[in-house]
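Quick note: the sequence shown, position 27, residue 30 per this note's numbering, numbers continuous. Take a look at the structure below.
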Amino acid sequence: MSFKKILTTLAVLLFLFVQNVEAQRNIPKNLPTYDDKPYHFGFILGYNQMLYSINYVDNYQNIEHHPVEWPDCPSQSVTIYTYNAEPLSSHGFTVGIVGNLRLAKYFDLRLVPSLSFGERKMLYSLHTTNDLGNGEIEHKNYDITKSIHSTFVEIPLQVKYKSKRLNNVAAYLITGLNYKIDLASQKKNQIEVFNPITQEYTTKIDNIRVKRTDLAAEIGAGFDFYTGYFKMGIEVKMGYGLFNILDKENVIYSSSFDKLHNKTFQLSLTFE
């Protein structure tokens, strides 16, 4: 998600908060002793967007690749160049359990074990040159989109700073670390390719390979709304992977990258 969209989301949340405050000036408090409890539990439902933050190899557009690096190559006699490779975001969802421990009047410690389902997409723009003889060179362009599916087991540990409660609304900030295990990262991403010269099939890597585990730094904000029976929160957060998760193979889909980091956006509802 772009920075502009994040600011828009935060502005909408702030507007809802202000409107709610104005509407609640003389409303009695729901659950007046809720925040005095030493701990409580709940669950979380979220919408997420996953993509990659990429560090490219220097001058990757000028690197020559050979057909063996591109399993889908239409010819074995071409030279291949990657002149663009960019990440695309896609939509996913998150479900989890919220455990909240009271540390002080305005500070809580949260553990939110979750399952996140989603995918990342990479758009590759390839250019091939083929020497046809007699000084004639054939040029072709290809756009290829590859999907990398992920199922994350996430264990975020967060510190939550709460504002003073105003009737039935309170704002808060969160920050913390999220240990992530990608259950789909070990997918082989292989295809069988027929070699017309040897008349045999060979196995080749057909996508990016990523490492199984990661640690992300997270920051976010939200609002808690106290109803007559439970507390509902709306929250937005960003996560930035701290480790290089690229599992580099001799394949065109990863050879342009030096480092690959997870980046996520999540909009959630909590019920506690």
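For every residue, glycine included, the Cβ atom is placed at its ideal position computed from N, Cα and C.
- Cβ atoms of Gln64 and Tyr86 come within 8 Å of each other, at about 5 Å.
- Glu72 carries a helical assignment under DSSP once its states are collapsed to helix, strand and coil.
- Put simply, the stretch 42–59 touches the stretch 250–269. At least three CB pairs are less than 8 Å apart.
- Between Lys214 and Gly236, the alpha-carbon positions lie close to 33 Å from each other.
- Residues of the same chain with a CB within less than 6 Å of the CB of Ser128, apart from the 5 flanking positions on each side, are Tyr86, Asn87, Asp146 in chain order.
- Taking every protein chain shown into account, the CB of His69 has fewer than 16 other CB atoms within 10 angstroms, so this residue is exposed.
- Tyr109 is a Cβ neighbour of Lys165, given a cutoff of 8 Å.
- Residue environment for Gly242: buried (at least 16 other C-beta atoms within 10 angstroms of its C-beta).
- In the three-state DSSP reduction, Asn181 falls in the strand class (E or B).
- Within the same chain, Cβ atoms closer than 7 Å to the Cβ of Lys251 are found at Ser257, the five residues on either side in sequence being excluded.
- Close CB contacts of Ser259 within its chain, under the 7 Å cut and outside five residues either way in sequence, are with Tyr59, Val60, Tyr63, Thr85, Ala88 (chain order).
- In the same chain as Leu54, and ignoring 5 residues on each side of it, the C-beta atoms closer than 6 Å to its own belong to Pro90, Ser92, Arg123, Lys266, in chain order.
- Residue environment for Phe155: buried (at least 16 other C-beta atoms within 10 angstroms of its C-beta).
- A direct Cα-to-Cα measurement between Asn170 and Leu186 gives close to 43 Å.
- About 6 Å separates the beta carbon of Tyr175 from that of Gly225, a gap short enough to meet the 8 Å contact definition.
- Secondary structure of Asp61 (DSSP, three-state): coil.
- The beta carbon of Lys163 sits closer than 8 Å to those of Asn103, Phe110, Asp111, Leu112, Arg113, Tyr175, Leu176, Ile177, all from its chain and outside the five residues before and after it, given in chain order.
- Where Ile158 is concerned, the enclosing beta strand (DSSP E) starts and stops at 139–165.
- It is roughly 16 Å from the alpha-carbon of Val81 to the alpha-carbon of Asn137.
- Glu139 and Ile255 have their C-alpha atoms spaced approximately 26 Å apart.
- Between Ile248 and Asn210 a beta carbon distance of about 14 Å is seen, past the 8 Å cut, so the two are scored as non-contacting.
- In the displayed model, Asp250 falls within coil according to three-state DSSP, outside both helix and strand.
- The three-state secondary structure of Tyr256, taken from DSSP, is coil.
- Under DSSP, Thr267 forms a beta bridge with Met53, Gly242.
- Distance from Gly223 to Lys240 at the Cβ level is roughly 3 Å; contact confirmed, criterion being Cβ atoms closer than 8 Å.
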